[in-house]
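Undergrad: I have a structure here, written as structure tokens, and I will follow up with some questions on it.
Numbering (UniProt numbering), first residue to last: 1 to 369.
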């Protein structure tokens, strides 16, 4: 079982809206590194943001796995989450996500069992099947020339990981005598007092594959609206249509990742999202780097194709003043019926990102402590 009491698992998944927000609001952190800044600076911002999320009533704080991207310092979610756990007390912490095909399931079970021991009852395990990087890097991570094979085996890898987390391989299975520690085996060992509780699993996706799988398994689902907006409604419909009640959930629960940047001035918001869009232009054309400054983005000579990409990309970024962002988030939630909005603020400076979440919290009258 995922928890001693199925109702406990539901409580961990379903958040409570704060202030006037239509649904619970959460944070997705890519640990972005801007030009002229260091990874240390970015990680310090993550600590500040996680504390802000906790005091202002954001429900959860997730870190996303990426590789070989100079502007994204989140290659090791479990390490970052351990650091954030030491600096927070209440906010849920999790992966948004760990890319399962990049890792042995036993390793993930051990890492998140350790995190659960560090921060009992507030760890989420979000899993994705994409590599979180380019094909060559995926091949290096997976030590194979056929990295797509891992994605094809995702359901089998998920089943294996779940068995390790629950410590319930059947007798005769080749892994029946192998245990993820920390984990439930410690509860059944002589003198054991370990809780059998383990982190709830979420499936992440940007298409229909994980949406259907999450529905069939009765798991919560997180959709990457922030970079796959055209697939949001079809994927959410597929998840809800295929949902089968489970020990974890009796009804569907879907959150969507949303790119949103709030500033004190509407013009400044446009400058910030232009810089983030230039970063995406470089990434999509094989030139990944640090997130440029707004000044660099304003001076950049975009080609017509690049300008089209920027316009298309920024059309899905909710940005502006706090009131404008609140209106955009409200409209998006109404259109999608999302049960939770997970906001990612991509900007050059950590101070801009922190201010953005403060403004959004203020716009909804969220708590201050």
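Backbone N, C-alpha and C fix where the C-beta goes; we use that ideal spot for every residue, glycine too. For clarity, every value in this text was computed on a predicted model and none was experimentally measured.
Could you spell out where the beta strand (DSSP E) holding residue 125 opens and where it closes?
TA: From DSSP, the beta strand (DSSP E) with residue 125 extends over 123-128.
Undergrad: Look at residue 185 and residue 167 and say whether their C-beta atoms are less than 7 Å apart.
TA: Result yes, Cβ atoms of residue 185 and residue 167 sit closer than 7 Å.
Undergrad: In chain order, what residues of the same chain have a beta carbon less than 8 Å from the beta carbon of residue 363, not counting five sequence neighbours either side?
TA: So the list reads 262, 322, 323, 325 and 326, once near-sequence residues are dropped.
Undergrad: With distances taken Cα to Cα, identify the nearest neighbour of residue 351 among 253, 306, 31 and 20.
TA: That would be 31, whose Cα lies nearest to the Cα of residue 351.
Undergrad: Residues in the same chain with beta-carbon distance under 6 Å from residue 212, minus the five sequence neighbours each way, listed in chain order, please.
TA: Only 238 and 242 meet the Cβ criterion.
Undergrad: Straight-line CA distance for residue 319 to residue 20?
TA: Their Cα atoms are separated by approximately 19 Å.
Undergrad: Going straight from the alpha carbon of residue 252 to that of residue 266, what length do you get?
TA: Roughly 36 Å separates the two Cα atoms.
Undergrad: Looking at C-alpha atoms only, which residue of 160, 230, 109 and 139 is the closest neighbour of residue 335?
TA: The candidate whose alpha carbon is nearest that of residue 335 is 230.
Undergrad: Just the Cα atoms here: how many angstroms apart are residue 215 and residue 294?
TA: Taking the straight line from one Cα to the other gives about 41 Å.
Undergrad: How is the beta strand (DSSP E) around residue 366 delimited, first residue to last?
TA: Counting along the chain, residue 366 falls outside any beta strand (DSSP E), and DSSP gives it neither H nor E.
Undergrad: Could you give the DSSP three-state label for residue 357: helix, strand or coil?
TA: Correct three-state label for residue 357: helix.
Undergrad: Tell me which residues share the same chain as residue 48 and place their Cβ nearer than 8 Å to its Cβ, disregarding the 5 neighbours each side in the sequence.
TA: Hits under 8 Å: 350 and 354.
Undergrad: Mind checking whether residue 77 and residue 290 have CB atoms under 7 Å apart?
TA: No, the pair does not count as a contact, with Cβ atoms beyond the cut-off.
Undergrad: For residue 26 versus residue 342, is the C-beta distance shorter than 7 Å?
TA: Yes, the Cβ-Cβ distance between residue 26 and residue 342 is below 7 Å.
Undergrad: Who are the Cβ neighbours of residue 345 in its own chain at under 7 Å, not counting the five residues just before and after it?
TA: Once the five neighbours on either side are set aside, the close Cβ partners of residue 345 are 260, 261, 353, 356 and 357.
Undergrad: Over the uninterrupted alpha helix (DSSP H) stretch that includes residue 108, give me the two end residues.
TA: First-last of the alpha helix (DSSP H) with residue 108: 105-118.
Undergrad: Please give the ranges of any beta strand (DSSP E) in the segment 213-289, keeping only runs that are unbroken, at least 3 residues long and fully inside the region.
TA: Complete beta strand (DSSP E) runs here, min 3: 221-223 and 254-262.
Undergrad: How many whole angstroms separate the CB atoms of residue 164 and residue 106, which I take to be in contact at a CB cut-off of 8 Å?
TA: Rounded, the Cβ-Cβ distance is 6 Å, consistent with contact.
Undergrad: Starting from residue 207, trace the beta strand (DSSP E) both ways and give me its first and last residue.
TA: Run containing residue 207: none; DSSP gives neither H nor E here.
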